[in-house]
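In the working numbering, the protein residues as written are 190 to 787. From the three backbone atoms N, C-alpha and C, an ideal C-beta is built for every residue, glycine too. Take a look at the structure set out below.
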Ligand SMILES: Cc1cc2nc3c(=O)[nH]c(=O)nc-3n(C[C@H](O)[C@H](O)[C@H](O)COP(=O)(O)OP(=O)(O)OC[C@H]3O[C@@H](n4cnc5c(N)ncnc54)[C@H](O)[C@@H]3O)c2cc1C
């Protein structure tokens, strides 16, 4: 059976020692009083919830899956899911970082980030029920009318109701401009919505009193394409003016997808027949409003893979210390045993350290991003708010795609550590691989993320935001460039930062002449950018660890951090050279391939 220990020490290291979040909070009036003890106490309780309540349901939820009653259209999630959700609501976890005006606790987003990393490690399928609700809360909070906020936000904040995002239709996934669901205006100002949605996560279940669907549809006079999409809130049960539940609305689950992983989450086919809804935001501006939810979800999906990377690593490490096979190449290590534990073999260590480096680097990046979100929303200085928003926008596709690709590499490597036993269900490793696989696909495939990064976020503003992030690297290089002990971290980082400018300019020039050049280079580009960002955080983590060691701190945590940083720069970071080379090889070899693909 797999195990899970919440990585509280590492979270505290990132928050308190590397990013010094409480110093940053002092500048945010809403969070000025949030101190280290409060953060640590919340994290500890969150870790207990994940490890004790949802983790024990991970394997059983995967085995049992969800069941649809075709007659009633009701879905029953796996045994224990409903009870765990009730505990989540009772514990106030849904409200952790929500607005106090609607019953939230108003704590910083960084705490929610860590809560969700642990929930994802424990049980990604279960976590998607509250996770999507949080995105729906954010979209309605940003774009809802006062009436909609009053009706829906307190219930989403408390967790009594859950939310969904209904974008995808059978013929329309990446290209939302193709969507056909229709919304007919009614004399009372409401809308009747008709159409079919597929792949709707947490789309139907019995865990909450109501489900708040956020649905994209077209108004009768809407322009073609993505400029004619509007956003509607469509509840499972209509809500009466006094807030109580009315009759069942015309939005039903007609089928459940049978899928590779996340079996405990209901992936619903949804039919809407004159479902009653209300418009969110402006007519035909639905995509912009939905982007609030989609951006939150993209960071959330990166966090799903971060969670799986961590839990897979923990289990592979325990197994590698215990399993004995063959002798070490450099001589017997466990004389009292008939063979050495497999952790003595260099390649087993490489697999373990790959997962560890990706988990810890991903954690630093994800917490940094949510700290920027806290600043974007709460900082009194408008320029800080604007800069934070720009950098989060730049980093969002990197969090989504780089962390989920790394999750794929890491969960597979950890499964490999188990040999044949990794492929067998009993150890739980193959579930981590299967559950992670969807993270590279939904919320905009990783290809789409890379086009967003290179095409829109970098070339779209002539690299201005990338330069903002580059300044952070420049400052670290200036601070540590003469420190010999930091050279093994700073030199490759400074070199890549310098290369990145030339590389981006070159791709921009080629893309200007032929847009397919951007499409051909984007996936490799995102991975290089991911390493640039990870390299920055690994160098900062090494800096803190070196200072502690120099000051005589003998806590093995810092030695471990330094060794993992060394591994990262020696074995993972150098793939950037190959990636830049393949990106530079251009689009011709892809686009002149008609004969090969005929
Ligand atoms: C388990 C699960 C849960 C989901 N949950 C939700 C949900 O809650 N709500 C929701 O609305 N949707 C959800 N989805 C849908 C998901 O977001 C889509 O599957 C995804 O956006 C891709 O769309 P598609 O499957 O139609 O693939 P397509 O859009 O058909 O893409 C097929 C391939 O073509 C590539 N491609 C497409 N366009 C381009 C381009 N311009 N350049 C390069 N490559 C391109 C894609 O990257 C992909 O590899 C879920 C899907 C699954 C499987």
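Proximal residues to residue i (C-beta, below 6 Å), its chain only, five neighbours per side dropped
i	result
residue 692	769
residue 206	733
residue 303	200 and 232
residue 306	492, 495 and 496
residue 417	407, 411 and 473
residue 481	327, 328 and 331
residue 324	482, 485 and 486
residue 443	458 and 460
residue 291	342, 343 and 346
Terminal residues of the beta strand (DSSP E) in which residue i lies
i	result
residue 458	456 to 469
residue 445	440 to 445
residue 371	371 to 374
residue 436	434 to 437
Same chain, Cβ closer than 7 Å to residue i, five either side skipped, listed in chain order
i	result
residue 753	542, 545, 546 and 549
residue 697	648
residue 186	There is no way to answer for residue 186, as the model of the chain reaches only from 190 to 787.
residue 273	242, 243, 246 and 315
residue 579	654 and 657
residue 375	381
Own chain partners of residue i with C-beta closer than 8 Å, once the 5 adjacent residues on each side are dropped
i	result
residue 218	567 and 569
residue 229	197 and 201
residue 360	367 and 369
residue 617	190, 191, 247, 248 and 504
residue 620	247, 248, 251, 450 and 614
residue 365	356, 405, 415, 418 and 476
residue 537	509, 531 and 606
residue 703	776
residue 434	398, 399, 426, 427 and 428
residue 749	none
Local conformation of residue i per DSSP, three classes
i	result
residue 424	strand
residue 394	coil
residue 757	helix
residue 565	helix
residue 401	strand
residue 408	coil
residue 222	coil
residue 526	coil
residue 595	helix
residue 708	helix
residue 741	coil
residue 384	strand
residue 776	coil
residue 379	coil
residue 577	helix
residue 156	Here the chain comprises residues numbered 190 to 787, so residue 156 is not present and cannot be evaluated.
Limits of the alpha helix (DSSP H) - the one that residue i falls within
i	result
residue 484	475 to 511
residue 232	225 to 238
residue 764	764 to 773
residue 785	783 to 786
residue 198	197 to 201
residue 413	That residue, residue 413, is in no alpha helix (DSSP H); it is neither H nor E in DSSP.
residue 699	676 to 702
residue 211	210 to 214
_Inter-stretch contact at 8 Å, needing at least 3 Cβ pairs: the segment 285 to 299 / the segment 403 to 415_ = no
*asked:* I'd like to know if the segment 464 to 478 and the segment 325 to 340 are in contact, where contact means that at least 3 CB-CB pairs between them fall below 8 Å.
replied: yes
*Whole alpha helix (DSSP H) runs in the segment 249 to 283 with 4 or more residues, listed along the chain?*
270 to 279
*Should the segment 447 to 465 be regarded as contacting the segment 616 to 632, the criterion being three or more beta carbon pairs within less than 8 Å?*
yes
_Under 8 Å: do the segment 338 to 355 and the segment 521 to 533 share three or more Cβ pairs, one atom per stretch?_
no
*Are the segment 516 to 529 and the segment 588 to 608 in contact at 8 Å, needing three or more beta carbon pairs?*
no
_Complete runs of the alpha helix (DSSP H) confined to the segment 309 to 369 [at least 4 residues]_ = 335 to 347
*Go through the segment 599 to 669 residue by residue and report every complete run of the alpha helix (DSSP H) that reaches 4 residues or more, in order.*
609 to 612, 618 to 626, 635 to 640 and 653 to 669
_If contact is defined by three or more beta carbon pairs under 8 Å, each pair taking one atom from either stretch, is the segment 699 to 713 in contact with the segment 659 to 670?_
no
*Contact between the segment 392 to 406 and the segment 260 to 267: three or more CB pairs below 8 Å?*
yes
*Does the segment 575 to 586 come within contact of the segment 210 to 225, defined as at least 3 CB pairs closer than 8 Å?*
no
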